[in-house]
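>
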Amino acid sequence: MRNLFLALLLGGTMAGGLAACGEQAVSRPPCAPGKVCLTIGNTNEPATLDPHTSTGTWEDRIQSDLFTGLAQSDAAGRTIPGVAERWEASPDGLVWTFHLRPAVWSDGVPLTADDFVFSLRRVLNPETASEYASLIFLIKNAEAVNSGKAPLEALGVRAVDARTLEITLTHPAPYLPELTRHHVLYPVARHAVEKYGEDWVKPGRMVSNGPYRLVDWRLGDHVRIEKNPRFWDAAKVCVDEVRFYPTTDAISAERRVDRGELDINTDIQSNRIARLRTKMPGYVRTHVWLGTTYMAFNRGPKSRVPALKDRRVRQALTMAIDRDFIATGLLRGGQLPANTMVPPGVANYQASPGPYWAGWSLEKRQAEARRLLAEAGFGPGNPLKVEIKHRNSADPMLFMPAIQADWKLVGVRAILAQQEGQISYADYRVRNFEVADAAWIADYNDATSFLDLQRSNYGPQNYGDYDNPAYDSLMIQADNEPDAARRAEILSRAETMMLNDAPIAPVYFYINKNLVNPRITGWIDNLVDHHRTRWLCVKPAA
0 MRNLFLALLL
10 GGTMAGGLAA
20 CGEQAVSRPP
30 CAPGKVCLTI
40 GNTNEPATLD
50 PHTSTGTWED
60 RIQSDLFTGL
70 AQSDAAGRTI
80 PGVAERWEAS
90 PDGLVWTFHL
100 RPAVWSDGVP
110 LTADDFVFSL
120 RRVLNPETAS
130 EYASLIFLIK
140 NAEAVNSGKA
150 PLEALGVRAV
160 DARTLEITLT
170 HPAPYLPELT
180 RHHVLYPVAR
190 HAVEKYGEDW
200 VKPGRMVSNG
210 PYRLVDWRLG
220 DHVRIEKNPR
230 FWDAAKVCVD
240 EVRFYPTTDA
250 ISAERRVDRG
260 ELDINTDIQS
270 NRIARLRTKM
280 PGYVRTHVWL
290 GTTYMAFNRG
300 PKSRVPALKD
310 RRVRQALTMA
320 IDRDFIATGL
330 LRGGQLPANT
340 MVPPGVANYQ
350 ASPGPYWAGW
360 SLEKRQAEAR
370 RLLAEAGFGP
380 GNPLKVEIKH
390 RNSADPMLFM
400 PAIQADWKLV
410 GVRAILAQQE
420 GQISYADYRV
430 RNFEVADAAW
440 IADYNDATSF
450 LDLQRSNYGP
460 QNYGDYDNPA
470 YDSLMIQADN
480 EPDAARRAEI
490 LSRAETMMLN
500 DAPIAPVYFY
510 INKNLVNPRI
520 TGWIDNLVDH
530 HRTRWLCVKP
540 AA
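Per numbering that gives the first Met the number 0, residue 0 is the first one in the sequence shown, and the count goes up by one each step.
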């Protein structure tokens, strides 16, 4: 994913009222008699609903209801067939063939393999400026197409016939079917995109292929979607209408769930989880998540703090953070302190031992941080001064002052600058920051989903502009290593090298946290936090 951005909470008396079979709850929009409606708090306002240019988890939640890729997530977050009924790979793992089911767009136009060819070329077209284009550089000639060095037609995708798509890779990638669930690989309707241009994503013009279609989008208020009667499995879709609301205010969102105005909110302020389990029994849902919160240091050409180009300074800032206090003393939601970028639970990975200081006590790390800063020319008479730009969502608002205090203890003066999540990430992508508070949720269950971020060619999401040819070489070597154990060892070496260079400072590993009205059925907590509306329903009121 793709990048993470959060919000939520408080408590009160239970008033929970989902709308089903015509009933209405307090302060909810009307739901037509006989229909099932959901209201979902979705952290932030979408910047776009174009799956090829969006970057946020809050956008993906909506898009995953509107669109379906070659594969999709089931209720438990597992990869199952989507538009493709089945697929197979060649013996060398380079050529994948996807066999498509009969399907149509929401306007009735047939969906074909040509739509996928058009869509993948669109992602890699430099004019699209897709920030996730690098995610599919594993497709043959993708990087050359994206850099303008090869024509779109050179991309390794072709329609064998209307219902057969062939994708050729540069290296084996057994995780490709899982990757096709990602929104950047969703198909878009060529006939709508070419007719309306950028306006194709607006209500009344968007054509989609998922279980829902876009009906209304009121900026700052809500996005409304309705069941798509032309979806191939529409007869099994229970919920008729969904409204997604931006919920950047944690306390307000919690109260709205408690009053029954929201049926779901997609985050919880971590230090309130224990209280909410008592105040709102049955509502709190948490699970291990493949995600990491980290700090990025702007060491690139646009850096306003030249000292951040000095590895000693970055190492000092990284080792001075008291991760144990942040994860277990401050957040207290089940997060784990992180010295590495790749979280536990990632498939087929040999965990990195972390940076050279990973086993040191906090006191030893603080002493070494002061020494490194002094060696770099900073001390009481010349303190290092930096600005930390951070998201204004629930958890960053809690732990950023802790990092500020940690750095003060080693003689660094840090100023906090909070912004809405989508604005912060927009600044990170153009390098308008000194130190950035960021987070990453795996796009697929493999270490490369985390480690690719630091490749020199990864583009806007390599926020610190890390550029180490030795690291890149190890990543390429891992891409082309057929032996799983050997590949894992190479990736571990690459991660250790990167962590000692300290372009980033991992802080903690995520859990996913949701408030869910107990009357909702079909909700299964899972590793990827995918809860597609097509699998949900509502119990009748008592």
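Note that beta-carbon positions come from the ideal geometry of N, C-alpha and C, so glycine has one too. Please read these numbers as outputs of a predicted model, since none were measured by experiment.
What do you get for residue 392, buried or exposed, if any count of 16 or more other CB atoms within 10 angstroms of its CB means buried?
Against the sequence shown, residue 392 aligns to sequence position 393. Residue 392 is buried by the Cβ-count criterion.
> Check whether the region 348-366 and the region 317-330 touch, using three or more Cβ-Cβ pairs below 8 Å as the test.
Touching, yes, given that three or more Cβ pairs across the two stretches are closer than 8 Å.
> Taking the alpha-carbon of residue 438 as reference, which of 136, 473, 348, 394 has the nearest alpha-carbon?
Position 439 of the sequence shown, counting from 1, holds the residue named residue 438. Considering only alpha carbons, the answer is 394.
> Please classify residue 235: does DSSP put it in a helix, a strand, or coil?
The residue you call residue 235 lines up with position 236 of the sequence shown. Helix, per DSSP.
> Check this for me: beta carbons of residue 144 and residue 150, under 9 Å apart or not?
Here residue 144 is taken as the residue at index 145 of the sequence shown, counted from 1. Here residue 150 is taken as the residue at index 151 of the sequence shown, counted from 1. Yes.
> What is the C-beta distance between residue 26 and residue 258, in whole angstroms, given that I count them as a contact (C-beta under 8 Å)?
Sequence index remark: in the sequence shown, residue 26 carries index 27 (1-based). Sequence index remark: in the sequence shown, residue 258 carries index 259 (1-based). Correct: roughly 7 Å between the Cβ atoms.
> Counting pairs of beta carbons, one from the region 175-187 and one from the region 110-130, are three or more of them closer than 8 Å?
In short, these stretches touch, since the Cβ pair count reaches three.
> Can you name the residues that DSSP bridges to residue 335?
Here residue 335 corresponds to residue number 336 of the sequence shown, with the count starting at 1. 508, per the DSSP bridge assignment.
> Grab the span of the beta strand (DSSP E) containing residue 156 for me, first residue to last.
Taking the first residue of the sequence shown as 1, we reach residue 156 at position 157. 156-160 is the extent of the beta strand (DSSP E) around residue 156.
> Excluding the 5 residues flanking residue 544 on each side, which residues of the same chain have their C-beta closer than 7 Å to its C-beta?
Lying before the first or after the last residue shown, residue 544 is absent from the chain, which here runs from 0 to 541.
> Going by Cα to Cα distance, which pick from 234, 433, 100 is closest to residue 85?
Counted from its first residue, the sequence shown places residue 85 at position 86. It is 100.
> How would you call residue 218, buried or exposed, if buried means at least 16 neighbouring beta carbons within 10 angstroms?
Residue numbering aside, residue 218 sits at position 219 when the sequence shown is read from its first letter. The residue in question, residue 218, is exposed, as its Cβ has fewer than 16 Cβ neighbours within 10 Å.
> Given this structure, state the Cα-to-Cα distance separating residue 424 from residue 47, to the nearest angstrom.
In the sequence shown, counting from the first residue as 1, residue 424 sits at position 425. In the sequence shown, counting from the first residue as 1, residue 47 sits at position 48. Roughly 14 Å separates the two Cα atoms.
> So, are the CB atoms of residue 222 and residue 80 less than 9 Å apart?
Reading the sequence shown from its first residue, position 223 is the one you call residue 222. Reading the sequence shown from its first residue, position 81 is the one you call residue 80. Cβ distance not < 9 Å, so residue 222 and residue 80 don't count as in contact.
> Thinking C-beta only, is residue 523 closer than 9 Å to residue 70?
By 1-based counting over the sequence shown, the position of residue 70 is 71. By 1-based counting over the sequence shown, the position of residue 523 is 524. Against a cut-off of 9 Å, the Cβ pair of residue 523 and residue 70 comes out as no contact.
> Does DSSP put residue 104 in a helix, a strand or coil?
Walking along the sequence shown from the start, residue 104 turns up at place 105. Looking at residue 104 - three-state DSSP - the assignment turns out to be coil, as it is neither helix nor strand.
> Cutting at 6 Å between CB atoms, please list the residues of its own chain near residue 68, excluding the five before and the five after it.
By 1-based counting over the sequence shown, the position of residue 68 is 69. Excluding sequence neighbours, residue 68 sits near 81, 179, 180, 184, 185.
> May I ask which residues mark the beginning and end of the alpha helix (DSSP H) holding residue 59?
In the sequence shown, the residue the question calls residue 59 occupies position 60. Looking at the DSSP string, the run of the alpha helix (DSSP H) that includes residue 59 is 56-65.
> On the three-state DSSP scale, how would you describe residue 20?
Here residue 20 corresponds to residue number 21 of the sequence shown, with the count starting at 1. Low confidence applies to residue 20: its pLDDT is 45, below 50, so where it sits in the model is not reliable, and the reading given next is rough at best. Of the three classes helix, strand and coil, the one that applies to residue 20 here is coil, per DSSP.
> Starting from the Cα of residue 269, find the closest Cα among 297, 332, 278, 325 and give me that residue.
Along the sequence shown, read from residue 1 onward, the residue named residue 269 stands at position 270. It is 332.
> Quick check: the region 199-215 against the region 30-37, are at least 3 beta-carbon pairs closer than 8 Å?
Taking 8 Å as the limit for Cβ pairs, the verdict is that the region 199-215 does not touch the region 30-37.
> Could you have a look at residue 127 and say whether DSSP puts it in helix, strand or coil?
For the purposes of this step, residue 127 is taken as residue 128 along the sequence shown, with counting starting at 1. Reduced to three states, the DSSP call for residue 127 is helix.
> How is the beta strand (DSSP E) around residue 95 delimited, first residue to last?
Mapped onto the sequence shown, residue 95 falls at position 96. Looking at the DSSP string, the run of the beta strand (DSSP E) that includes residue 95 is 94-99.
> Can you give the Cα-Cα distance for residue 515 and residue 285, rounded to whole angstroms?
Here residue 515 corresponds to residue number 516 of the sequence shown, with the count starting at 1. Here residue 285 corresponds to residue number 286 of the sequence shown, with the count starting at 1. So the alpha carbons of these two residues sit roughly 10 Å apart.
> Taking DSSP as the reference, what is the three-state secondary structure of residue 324?
By one-based count along the sequence shown, residue 324 stands at place 325. If DSSP states are grouped into helix, strand and coil, residue 324 belongs with the helices.
> So what does DSSP say about residue 414, is it helix, strand or coil?
As a working note, residue 414 is residue 415 in the sequence shown. Note: residue 414 maps to strand in three-state DSSP.
> Going along the chain, which residues of its own chain have a beta-carbon closer than 8 Å to the beta-carbon of residue 324, five neighbours each way excluded?
Looking up residue 324 in the sequence shown gives position 325. Answer for residue 324: 401, listed in chain order.
> In whole angstroms, what separates the C-alpha of residue 28 from that of residue 486?
Numbered from 1 along the sequence shown, position 29 holds the residue referred to as residue 28. Numbered from 1 along the sequence shown, position 487 holds the residue referred to as residue 486. So the two alpha carbons sit approximately 53 Å from each other.
> Measuring only the C-alpha atoms, how far is residue 536 from residue 326?
The sequence position of residue 536 within the sequence shown is 537, counting from 1. The sequence position of residue 326 within the sequence shown is 327, counting from 1. Between residue 536 and residue 326, the C-alpha separation is close to 34 Å.
> Thinking C-alpha only, which one of 431, 377, 247, 216 is nearest residue 303?
For the purposes of this step, residue 303 is taken as residue 304 along the sequence shown, with counting starting at 1. Checked all of 431, 377, 247, 216; the closest Cα to residue 303 is 431.
> Out of 379, 290, 518, which has the shortest C-alpha to C-alpha gap to residue 507?
For the purposes of this step, residue 507 is identified with residue 508 of the sequence shown, where counting begins at 1. Checked all of 379, 290, 518; the closest Cα to residue 507 is 290.
> When you compare the CB positions of residue 208 and residue 230, do they come within less than 9 Å of one another, or not?
Within the sequence shown, the letter at position 209 stands for residue 208. Within the sequence shown, the letter at position 231 stands for residue 230. Their beta carbons are under 9 Å apart, which means residue 208 touches residue 230 by this criterion.
> Along the alpha helix (DSSP H) that carries residue 296, what are the first and last residues, could you check?
Here residue 296 is taken as the residue at index 297 of the sequence shown, counted from 1. Unbroken run through residue 296 is the beta strand (DSSP E), 283-296; no alpha helix (DSSP H).
> For residue 368, count neighbouring Cβ atoms within 10 angstroms of its own Cβ and tell me buried if that reaches 16, exposed if not.
As a working mapping, residue 368 is identified with position 369 in the sequence shown. It is buried - the Cβ of residue 368 has at least 16 other Cβ atoms within 10 Å.
> Could you check whether residue 465 and residue 476 sit closer than 9 Å to each other, using their CB atoms as the reference points?
Along the sequence shown, read from residue 1 onward, the residue named residue 476 stands at position 477. Along the sequence shown, read from residue 1 onward, the residue named residue 465 stands at position 466. In this structure, residue 465 does not lie closer than 9 Å to residue 476 by Cβ.
> Tell me, which residues are paired with residue 71 by DSSP?
Reading the sequence shown from its first residue, position 72 is the one you call residue 71. Answer is 79, bridged to residue 71.
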